[in-house]
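Peer 1:
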Amino acid sequence: MTTVNQHDSTPSRDDSVRDDDANRFDFAAIQEKWMARWEETLPYATDELGDTRPRKYILDMFPYPSGDLHMGHAEAFAYGDIVARYWRLQGFNVLHPIGWDSFGLPAENAAIKRGIDPRGWTYDNIAQQKASFKRYGNSFDWSRELHTSDPEYYKWNQWLFLKLYEKGLAYRKDSWVNWDPVDQTVLANEQVLPDGTSERSGAVVVKKKLTQWYFKITDYADRLLDDLNQLEGSWPSKVLAMQRNWIGRSIGAEVDFVIEGHSKPVSVFTTRPDTLFGATFMVVAPDSDLAAELAAGSTAEVQKAFAAYLEQVQKSTEIERQDAGREKTGIPLDRWAINPVNGERIPVWAADYVLADYGHGAVMGVPAHDQRDLDFALKFGFEVRVVVDTNAPVTGALPVITPEMLESGEVPPLDPVTTGKALGGDGRLINSGPLDGLSKSNAIKRVIELLESAGTGRAAKTYRLRDWLISRQRYWGTPIPILHAEDGSLHPVPEDQLPVELPPTEGLDLKPKGASPLGAATDWVNVTLPDGSAARRDPDTMDTFVDSSWYFLRFLNPNDPDRAFDPADVEKWAPIDQYVGGVEHAILHLLYARFITKVLFDLGYISFTEPFSAVLNQGMVLMDGTKMSKSKGNLVEFASELNAHGADALRLTMAFAGPPEDDIDWADVSPAGSAKFLARAWRISGEVTSKPEVEWKGGEIALRRQTHHLLADAPGLMEAFKFNVVVARLMELVNAIRKAIDTGPGAGDPGVREAIEVVTVLLSMFAPHTAEEMWERLGYTGSVSAAGMRKPDATLLVEESVTAIVQVDGKVRDKLEVSPTISADELEKLARATAGFVRAVGDREIVNVIVRAPRVVNVATKG
RNA sequence: GCGGGAGUGGUGGAAUGGUAGACACGCAGGAUUUAGGUUCCUGUGCCGCAAGGCGUGUGGGUUCGAGCCCCACCUUCCGCACCA
72 MTTVNQHDST PSRDDSVRDD DANRFDFAAI QEKWMARWEE TLPYATDELG
122 DTRPRKYILD MFPYPSGDLH MGHAEAFAYG DIVARYWRLQ GFNVLHPIGW
172 DSFGLPAENA AIKRGIDPRG WTYDNIAQQK ASFKRYGNSF DWSRELHTSD
222 PEYYKWNQWL FLKLYEKGLA YRKDSWVNWD PVDQTVLANE QVLPDGTSER
272 SGAVVVKKKL TQWYFKITDY ADRLLDDLNQ LEGSWPSKVL AMQRNWIGRS
322 IGAEVDFVIE GHSKPVSVFT TRPDTLFGAT FMVVAPDSDL AAELAAGSTA
372 EVQKAFAAYL EQVQKSTEIE RQDAGREKTG IPLDRWAINP VNGERIPVWA
422 ADYVLADYGH GAVMGVPAHD QRDLDFALKF GFEVRVVVDT NAPVTGALPV
472 ITPEMLESGE VPPLDPVTTG KALGGDGRLI NSGPLDGLSK SNAIKRVIEL
522 LESAGTGRAA KTYRLRDWLI SRQRYWGTPI PILHAEDGSL HPVPEDQLPV
572 ELPPTEGLDL KPKGASPLGA ATDWVNVTLP DGSAARRDPD TMDTFVDSSW
622 YFLRFLNPND PDRAFDPADV EKWAPIDQYV GGVEHAILHL LYARFITKVL
672 FDLGYISFTE PFSAVLNQGM VLMDGTKMSK SKGNLVEFAS ELNAHGADAL
722 RLTMAFAGPP EDDIDWADVS PAGSAKFLAR AWRISGEVTS KPEVEWKGGE
772 IALRRQTHHL LADAPGLMEA FKFNVVVARL MELVNAIRKA IDTGPGAGDP
822 GVREAIEVVT VLLSMFAPHT AEEMWERLGY TGSVSAAGMR KPDATLLVEE
872 SVTAIVQVDG KVRDKLEVSP TISADELEKL ARATAGFVRA VGDREIVNVI
922 VRAPRVVNVA TKG
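The numbering of the first sequence is the working numbering, which starts it at 72 and goes up by one.
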């Protein structure tokens with residue numbers, strides 16, 4: 072079947088010809104042809120030597136190879152590719168690499184289920200995804216492909232780990248961790264969903280006390296937070312907000328309370344040190360070490376009650392704990408704390424509304440000014456002492472409040488006990504000795520000064536962000552390059568002995584059992600230190616988010632055996648100009664990558680502190696309003712869509728569906744409609760009878776204007792990610808060309824050739840196979856991707872005439888065709904003469920005339 | 001509760017404060033066709049025979065003019081949440 076002709080010399084509207092093979096748009100044949108061509112010519116390999124063009128680094132979040140690509144990939148990778156192709160057309164040297172995030176639990180779980188090696192499963196999936204990407208026409212530089220599960224890659228994870236270890240940023244600690252009882256491994260805080268279940272397995276996460284490796288991301292909390300300001304405008308505001316929220320910096324003070332009979336004072340963190348005189352009790356987290364110590368030093372009765380309470384708390388799930396309307400619980404410890412500012416003796420309780428891992432795991436209870444403390448005080452009968460008059464204005468004179476004003480509700484009563492509402496607002500301090508009369512913010516400053524001079528407190532910040540737990544008790548990950556000597560000392564594996572390769576799976580039971588399967592690989596785990604003593608390898612592997620925290624640097628020198636990346640190449644390409652991926656990585660991956668980038672900056676390897684200059688989050692692909700899933704029976708398969716409509720129609724559908732950030736409901740879009748448009752455009756490319764050398768100037772002027780307006784508008788639209796609008800404009804231009812051929816100057820008009828060539832060049836971003844084919848049919852031999860974006864001719868952008876609207880009282884009453892250079896007076900004169908104007912104004916009085924030549928005349932009337 | 005978005009035809013969506021609904025899907029009609037499909041053309045916000053009127057979640061405001069800016073509210077989606 073001859074589906075593709077260089078030159079269809081008989082453009083004809085005759086149906087007998089139209090139905091011929093040569094005039095039928097055979098997307099499958101076109102796709103095959105160009106796929107094979109690109110396989111030979113490798114047009115998207117980034118060749119460095121002597122290339123003086125400016126650079127762009129466009130990156131898609133690399134995929135996890137679980138099965139074939141799905142519709143979500145089809146969307147995200149279409150957008151990334153469109154952006155990459157756009158910058159290539161604009162004359163940039165574009166780096167657009169691809170790799171595989173190929174370590175991780177799904178491979179291991181699949182391996183266990185089927186009794187196979189996770190390697191085989193993973194690399195088979197990669198082969199499948201790779202083939203799909205090639206069919207999809209992604210303009211990747213395949214020569215830079217990387218796999219995080221290759222020793223050549225994970226060697227550098229280990230190198231990175233050692234660098235953090237040297238800097239004291241990788242450390243071991245014994246603490247309560249999130250334990251996934253199904254996957255039998257620990258999870259990072261970020262991997263526990265809000266409902267307390269595991270992001271991976273869905274199991275309810277439990278707490279377990281373990282010694283684990285951590286990265287000290289909290290050292291970078293301020294920088295991770297403050298540097299977000301630089302990204303304002305080029306990152307989605309939602310992602311910025313989520314990161315700020317996650318880091319969760321609170322500014323306030325630490326206050327030291329002496330506990331009677333306890334050697335060390337107990338510090339509490341508070342954002343409201345101004346309310347210190349209103350503290351009537353103290354609460355510690357029941358699962359904190361502090362609570363255990365305080366209980367241990369109390370009566371036998373308290374010890375027993377405490378043990379029972381602790382057990383009850385630990386049995387309750389995260390879901391129960393997070394029920395906001397839950398009644399407060401707690402028990403007295405029969406211990407007493409001394410308020411450092413007034414010497415008052417206040418009782419210490421344990422209650423689970425205080426969290427062990429935030430602040431110091433202890434709070435001062437100020438029931439009048441904190442809702443949680445108030446709820447607790449009302450239940451257990453603590454004094455509620457108002458120390459901020461929230462009715463008092465912060466500036467100016469104090470008001471006189473009469474009983475009538477309180478009665479009428481004009482002024483709310485300062486009575487939290489009766490209202491049940493804590494007084495959280497600003498006001499003036501009362502019942503607070505030296506702070507009386509001060510505003511909230513002044514009182515905070517003053518009380519910190521008093522505490523600091525007395526040595527019983529200080530200004531302090533605290534964060535919601537926790538250190539990053541990176542140990543995983545699983546096989547399919549990067550081994551942690553640390554040796555444990557028999558005396559318990561830690562010995563980093565020397566850099567020249569990296570990588571520490573994973574042992575083969577033969578003989579290993581990968582089934583989760585609470586400890587890493589690597590511990591059972593006797594030959595692998597037992598080693599000898601240089602002094603001849605015995606040691607064991609650390610059997611845990613790293614969180615795969617370590618792999619993805621720096622992979623964008625490895626793309627620059629993916630095959631360099633001597634270093635993770637070449638600083639000179641990093642200088643040339645990084646940071647990434649445009650990162651494209653799902654919002655599901657808004658916190659985890661992006662935060663970790665930002666952290667590691669800052670660490671590498673501090674280590675002197677790179678010169679920038681933010682890895683991603685701009686981020687685009689694509690929406691989701693839905694079906695009938697919901698997420699696709701096999702169980703719901705609404706799954707749309709990428710492969711079957713690709714077979715049915717072709718890569719170009721699919722890509723075009725993604726681009727045309729709407730703004731990239733919005734969800735696409737596959738039931739609402741029409742890949743068949745996209746294919747129809749492509750066929751329409753392709754058909755025109757075969758009908759054009761002029762030669763490539765033809766002089767544009769003689770072309771039909773209206774069509775030429777439309778062509779050049781599109782050239783003028785396209786860059787701005789593309790850079791604002793308004794792909795749908797660009798596609799709409801291409802459709803308009805194709806419709807105009809169709810009309811020009813059928814009922815205008817005909818297929819030989821130079822303007823027709825110019826227009827369809829511009830369509831072809833722009834279309835190459837969305838539908839690369841079709842565009843290449845059209846380019847060839849138009850008589851060119853090179854790739855359209857190298858054709859470059861044409862410049863609009865400024866003289867064609869000036870309109871010959873514009874439509875002016877005539878408004879009366881803001882309503883359109885008539886229209887005029889006028890010169891774009893018309894004067895205001897002239898326009899007003901013409902407007903007053905229009906029929907619509909005369910009819911609308913009637914005999915009413917004109918009170919105002921606004922003229923904005925050449926677009927609008929608006930007349931305001933009276934009566 | 002805190003934070004971030006979003007509300008425009010039957011549908012997806014356009015619209016530097018200046019003609020609301022570009023473009024497409026769907027639908028209707030026509031041409032071609034033995035027929036279907038394809039292709040091409042025309043129409044398609046709502047009410048109304050028409051003239052005309054009404055229309056961007058609701059109510060206010062600014063303006064000659066508001067889908068767009070400001071205030072209040074409603075609905076909805078997403079993220080976080082006993083974070084001291």
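The beta carbon of each residue, even a glycine, is placed where N, CA and C say it ideally should be.
Going by CA-CA distance only, name the one from P730, V275, V651 and L868 that's closest to T778.
Peer 2: Of P730, V275, V651 and L868, the residue nearest in Cα terms is L868.
Peer 1: Determine the burial state of R156: buried for a count of at least 16 other Cβ atoms within 10 Å of its Cβ, exposed for fewer.
Peer 2: Its Cβ being crowded by 16 or more others within 10 Å, R156 is buried.
Peer 1: Run the CB neighbour count on D85, radius 10 Å, all protein chains shown included, and call it buried at 16 or more, exposed below.
Peer 2: Per-residue confidence for D85 stands at a pLDDT of 35, beneath the threshold of 50, marking its modelled position as unreliable; the derived number appears in the next sentence. D85 is exposed by the Cβ-count criterion.
Peer 1: Please identify the residue among K643, T892, V928 and R126 whose C-alpha is closest to the C-alpha of G42.
Peer 2: The displayed coordinates of the chain run from 72 to 934. Any statement about residue 42 would go beyond what the structure contains.
Peer 1: One question on the structure: do S246 and K287 come within less than 8 Å of each other, judged by their Cβ atoms?
Peer 2: Contact flag unset, no.
Peer 1: Which residue or residues does DSSP assign as beta-bridge partners of A931?
Peer 2: A931 pairs with N919.
Peer 1: Below 8 Å, how does it come out for the stretch 749 to 757 and the stretch 829 to 839: are there three or more Cβ pairs, yes or no?
Peer 2: The stretch 749 to 757, when compared against the stretch 829 to 839, does touch it at the 8 Å Cβ threshold.
Peer 1: What's the gap between the Cα of F666 and the Cα of P307?
Peer 2: If I take the Cα positions, the gap works out to 19 Å.
Peer 1: Can you tell me which residues form a DSSP beta bridge with E888?
Peer 2: T874.
Peer 1: Taking only the alpha-carbon atoms, compute the straight-line gap between A149 and P731 and give it to the nearest angstrom.
Peer 2: Cα to Cα, A149 sits roughly 10 Å from P731.
Peer 1: Could you pull the DSSP bridge partners for P418 from this structure?
Peer 2: In DSSP, P418 forms a bridge with W407.
Peer 1: If you run the structure through DSSP and keep just helix, strand and coil, what is L258?
Peer 2: Strand, per DSSP.
Peer 1: Would you mind sorting S214 into buried or exposed? The rule is 16 or more other CB atoms within 10 Å of its CB.
Peer 2: S214 comes out exposed.
Peer 1: By alpha-carbon positions, which one of D428, T289, L509 and E790 ends up nearest to D358?
Peer 2: Comparing Cα positions, the closest option is D428.
Peer 1: Would you kindly work out how many angstroms separate the C-alpha atoms of D254 and G585, rounded to a whole number?
Peer 2: Roughly 9 Å separates the two Cα atoms.
Peer 1: Give the single residue among G452, P168 and A363 whose Cα lies nearest to the Cα of F941.
Peer 2: The chain is shown from 72 up to 934; residue 941 falls before or after that span and cannot be answered.
Peer 1: Below 8 Å on the Cβ atoms is my guess for V598 versus A592; work out the distance and round it to an integer in Å.
Peer 2: Contact flag wrong, Cβ pair sits at about 12 Å.
Peer 1: Hey, is the stretch 164 to 178 in contact with the stretch 615 to 626, meaning 3+ C-beta pairs nearer than 8 Å?
Peer 2: With a cut-off of 8 Å, the stretch 615 to 626 and the stretch 164 to 178 count as touching, because enough Cβ pairs lie within range.
Peer 1: Taking three-plus beta-carbon pairs below 8 Å as touching, is the stretch 753 to 773 in contact with the stretch 842 to 850?
Peer 2: Yes: at least three Cβ pairs fall under 8 Å.
Peer 1: Tell me, which residues are paired with L130 by DSSP?
Peer 2: L130 is bridged to Y650.
Peer 1: V830 and L801 - do their beta-carbons sit closer together than 8 Å?
Peer 2: A contact, by the Cβ cut-off of 8 Å.
Peer 1: Counting pairs of beta carbons, one from the stretch 693 to 711 and one from the stretch 311 to 320, are three or more of them closer than 8 Å?
Peer 2: No, the stretch 693 to 711 is not in contact with the stretch 311 to 320.
Peer 1: Going straight from the alpha carbon of G267 to that of E110, what length do you get?
Peer 2: Roughly 48 Å separates the two Cα atoms.
Peer 1: Going straight from the alpha carbon of P629 to that of F636, what length do you get?
Peer 2: Rounded to whole angstroms, P629 to F636 spans 8 Å at the Cα level.
Peer 1: If you run the structure through DSSP and keep just helix, strand and coil, what is I553?
Peer 2: Of the three classes helix, strand and coil, the one that applies to I553 here is strand, per DSSP.
Peer 1: Relative to the C-alpha of A718, which residue among R315, A865 and H144 is closest?
Peer 2: Of the listed residues, the one whose Cα sits closest to A718 is H144.
Peer 1: Suppose the cutoff is 7 Å on Cβ atoms and the five residues either side in sequence are ignored; what does the same chain contact list for A726 look like?
Peer 2: Excluding residues within five positions, the ones whose Cβ falls inside 7 Å are A149, I153, F794, N795, V798 and F837.
Peer 1: Measure the alpha-carbon distance for I647 versus E681 and round it to whole angstroms.
Peer 2: Those two C-alpha atoms are separated by around 9 Å.
Peer 1: Using a 10 Å radius around the Cβ and a threshold of 16 neighbouring Cβ atoms, would you call N76 buried or exposed?
Peer 2: At N76, the pLDDT of 32 sits below 50, so the modelled position is not reliable; the number obtained from the coordinates is stated separately. N76 should be labelled exposed.
Peer 1: Quick one: Cα of P763 to Cα of Y851, how far?
Peer 2: The straight-line gap from Cα to Cα measures roughly 8 Å.
Peer 1: To the nearest angstrom, how far is the alpha carbon of T874 from that of L296?
Peer 2: Roughly 51 Å between the two C-alpha positions.
Peer 1: On the DSSP letters alone, give me the boundaries of the beta strand (DSSP E) that Y225 sits inside.
Peer 2: Element bounds for Y225: not the beta strand (DSSP E) but the alpha helix (DSSP H), P222 to E237.
Peer 1: In the DSSP assignment, find the unbroken alpha helix (DSSP H) run with H440 in it and report its ends.
Peer 2: No alpha helix (DSSP H) holds H440; DSSP gives it neither H nor E.
Peer 1: For I551, is the classification buried or exposed, using 16 other Cβ atoms within 10 angstroms of its Cβ as the cut-off for buried?
Peer 2: Buried, because 16 or more other Cβ atoms sit within 10 Å of the Cβ of I551.
Peer 1: Sort out for me which residues DSSP pairs R776 with in a bridge.
Peer 2: Paired residue(s): none; R776 is not in a bridge.
Peer 1: Give me the DSSP bridge partner(s) of P505.
Peer 2: Bridge partners of P505: none, in fact.
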